[in-house]
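Novice: Would you mind keeping the following structure in view while I ask a few things?
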Amino acid sequence: MAMPSPGSFWGDKLVESVKNGSVPESRINDMATRILTSWYQLKQDKEFQKPGFGMPKDITKRHKIVDAREPAAKPVLFDGAIEGHVLVKNTKHTLPLAKPQLISVFGYSAKTPDFFAPGGGDGLLRWQLGAETIDANKAISAALGNSKDASAIGINGTLFSGCGSGATTPANAISPFEALKMRAHGDGTALFNDFASPQPIIDPASEVCIVFGNAFSCEAYDRPALQDKYTDDLVKSVADSCNKTIVVLHNAGPRVVDAFIEHDNVTAVLFAHLPGQESGPALVSLLYGESNPSGKLPYTLARNETDYPALKPSTPEGRFALFPQSNFSEGVYTDYRHFDKEDMTPRFEFGFGLSYTTFALSNATFRRLDGGNLDVAYPTGAVIPGGPADLWGNVALVTADVHNTGTERAGAEVVQLYVGIPGAPRRQLRGYDKVRLRPGESRTATFALTRRDLSVWNVEAQQWQLQRGSYTIEVGTSSRNLPLKLSLKI
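See below:
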């Protein structure tokens, strides 16, 4: 199976290959078996609930109205949007806001997309892909390998969700500016906006300025860059004239910010990621302190694009020139493991994220459990989905106390556990526990370690293998802030 268009390499090409003897028919049977096995395993050959609700082929013609939304899920959508925001900078007591008299809003990603309806032709395509903010024809052309002209940003409006065949376009999403406008109306706050100018005029009476940008990504083609000059210049232009500038980025992955992050007037930065239909309400709840940020970066944010190891894959010549190749020579040393190996200092490390309160960790403990025999190199027992049964038995328990050292706000800290295996990366995430605490409260974070957590894959044996030697166990609040350290000898 190949998506989205198998015809170019498979389909009739495979029939031709079998006929000319270059591909054995047994190989085709094996390919079909691999696809159909899960179909039978999940009993989809019998009575099975119809997946999804689909979309009319032509939305401009009369069709059945189907509401696929689940009202009970609305609180989950809001909570998910809150949890997905990551605060990485907050200086000069910028956040949370306290009923400013004047807020100025700038940037293309603050507003609802200019076109936000499932129209005919290109409009339906954009709606189905979740690509209302870009030129969908260019995106499709890039995905099919016919062009390198893919946009780094969605200039036509905010990003609610990801782009691609699995995307969802919300039917009643509220943009950041719409939510800010409702809040400003209730508070009596004046709200100015300019979504179009690359160098907007700033009212000097603005207590805060908020600049919205985004980083667009879609399936089937590579992002052209991890930053864009237009947005960087917009942020700097606003910050040059506004001494409290908040930057909000709707990003589908890492977005380098070194062009403006150290600007004295860029006093707060939020990675909003892809918040969905509750984008605006969630952001306003965070900006005004009704919710406390607790999200953590699920990637390392480098200082420069060149700090990432695999951004320049080899490019073949000829007909495949638009299909860059990668041989994955970095192995397992991706993201924070790469930065650790090269002793590189990132701008913001994997697992980093700020809160409106503060936390402290203490009293790490380690206890062996009876979930498996650590004296043998390879796991034993019956084979279950995922491997031998005792591969997933709990062999150790790690705990650490976490304390909300603040005096005013409740908050949540994501306590993270990293394990250093002999002969493997310096540290690898093996657990996390989100602990919610009132001011002054303490609780214990708990992590169960399995045999799998302590093993590495042996290519020759084709099994997970325990390594002999000294293991390091580190507990902290990010991949570079690990104050608690333990050791285990196997």
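Heads up: the sequence shown begins at 1 in the UniProt record's numbering, then just goes up one per residue.
We put the beta carbon where it would ideally sit given N, CA and C, even for glycine.
In chain order, which continuous runs of the beta strand (DSSP E) of length 3 or greater are located wholly inside the stretch 24-95?
Specialist: Qualifying beta strand (DSSP E) stretches, in chain order: 86-90.
Novice: Can you look up Glu-16 in the DSSP assignment and give me helix, strand or coil?
Specialist: Within the sequence shown, the letter at position 16 stands for residue 16. Helix.
Novice: Assign Gln-277 to one of three DSSP states: helix, strand, or coil.
Specialist: Taking the sequence shown and counting its residues from 1, the one referred to as residue 277 is at position 277. Three-state DSSP puts Gln-277 in a helix.
Novice: Just to confirm before moving on: does the CB-CB distance between Leu-297 and Gly-351 stay below 8 Å?
Specialist: As a first step, residue 297 is located in the sequence shown; it is residue number 297 there, counting from the start. As a first step, residue 351 is located in the sequence shown; it is residue number 351 there, counting from the start. Going by C-beta atoms, Leu-297 is nearer than 8 Å to Gly-351.
Novice: Below 8 Å on the Cβ atoms is my guess for residue 520 versus Phe-216; work out the distance and round it to an integer in Å.
Specialist: Nothing in the structure corresponds to residue 520, since the chain is present only between 1 and 490.
Novice: From Asp-232 to Val-269, what distance separates their C-alpha atoms?
Specialist: Looking up residue 232 in the sequence shown gives position 232. Looking up residue 269 in the sequence shown gives position 269. Each residue's alpha carbon lies about 13 Å from the other.
Novice: Count the CB pairs spanning the stretch 178-189 and the stretch 242-260 that are closer than 8 Å, and state whether there are at least three.
Specialist: Short answer: they don't touch.
Novice: Have a look at Arg-409 and Ile-35 and give me their C-alpha separation to the nearest angstrom.
Specialist: One-based indexing of the sequence shown puts residue 409 at position 409. One-based indexing of the sequence shown puts residue 35 at position 35. Distance between the alpha carbons of Arg-409 and Ile-35: 52 Å.
Novice: Given Glu-83, which residues of its chain have a CB within under 8 Å of its CB, disregarding the five upstream and five downstream residues?
Specialist: Locating residue 83 in the sequence shown gives position 83, counting from the first residue. Around Glu-83: Ser-294 and Gly-295.
Novice: According to DSSP, is Ile-140 part of a helix, a strand, or is it coil?
Specialist: Mapped onto the sequence shown, residue 140 falls at position 140. Note that Ile-140 scores 48 on pLDDT, short of 50, meaning its location in the model is unreliable and no value can be drawn from it.
Novice: Where do the N-terminal and C-terminal ends of the beta strand (DSSP E) with Asp-232 fall, by residue?
Specialist: Along the sequence shown, one-based indexing puts residue 232 at 232. Note, Asp-232: premise wrong, no beta strand (DSSP E); alpha helix (DSSP H) at 229-239.
Novice: Is the beta carbon of Ala-396 less than 8 Å from the beta carbon of Leu-354?
Specialist: As a first step, residue 396 is located in the sequence shown; it is residue number 396 there, counting from the start. As a first step, residue 354 is located in the sequence shown; it is residue number 354 there, counting from the start. No, Cβ-Cβ distance for Ala-396 and Leu-354 is not below 8 Å.
Novice: Could you compute how far the alpha carbon of Phe-359 sits from the alpha carbon of Lys-46?
Specialist: In the sequence shown, counting from the first residue as 1, residue 359 sits at position 359. In the sequence shown, counting from the first residue as 1, residue 46 sits at position 46. Between Phe-359 and Lys-46, the C-alpha separation is close to 53 Å.
Novice: I'd like the span of the beta strand (DSSP E) that includes Arg-430, first residue to last.
Specialist: In the sequence shown, the residue the question calls residue 430 occupies position 430. Per DSSP, Arg-430 belongs to the beta strand (DSSP E) from 428-437.
Novice: With burial defined as no fewer than 16 other Cβ atoms inside 10 Å of the residue's Cβ, what is the status of Trp-392: buried or exposed?
Specialist: In the sequence shown, residue 392 corresponds to position 392, counting from 1. Buried.
Novice: Can you check whether the C-beta of Thr-477 is within less than 8 Å of a C-beta belonging to chain C?
Specialist: Going by chain labels, chain C is absent from the structure shown, which holds only one protein chain.
Novice: Let me know the secondary structure DSSP gives Leu-417 once reduced to three states.
Specialist: Here residue 417 is taken as the residue at index 417 of the sequence shown, counted from 1. Leu-417: strand per DSSP, three-state reduction.
Novice: Leaving out five residues on either side along the sequence, give the residues of the same chain with a beta carbon under 8 Å from the beta carbon of Arg-303.
Specialist: Here residue 303 is taken as the residue at index 303 of the sequence shown, counted from 1. Contacts found: Val-256, Asp-258, Thr-345, Pro-346 and Arg-347.
Novice: How far does the alpha helix (DSSP H) with Tyr-299 in it extend, from its first residue to its last?
Specialist: Within the sequence shown, the letter at position 299 stands for residue 299. Element bounds for Tyr-299: n/a, residue is neither H nor E.
Novice: So what does DSSP say about Trp-464, is it helix, strand or coil?
Specialist: Indexing the sequence shown from 1 puts residue 464 at position 464. Trp-464 falls in the strand class under three-state DSSP.
Novice: I need the straight-line Cα distance from Ser-104 to Asn-90, nearest angstrom please.
Specialist: On the sequence shown, position 104 is the one that residue 104 refers to. On the sequence shown, position 90 is the one that residue 90 refers to. Straight-line Cα distance between these residues: approximately 18 Å.
Novice: Taking only the alpha-carbon atoms, compute the straight-line gap between Gly-476 and Asn-394 and give it to the nearest angstrom.
Specialist: Sequence index remark: in the sequence shown, residue 476 carries index 476 (1-based). Sequence index remark: in the sequence shown, residue 394 carries index 394 (1-based). Each residue's Cα considered, the two are about 21 Å apart.
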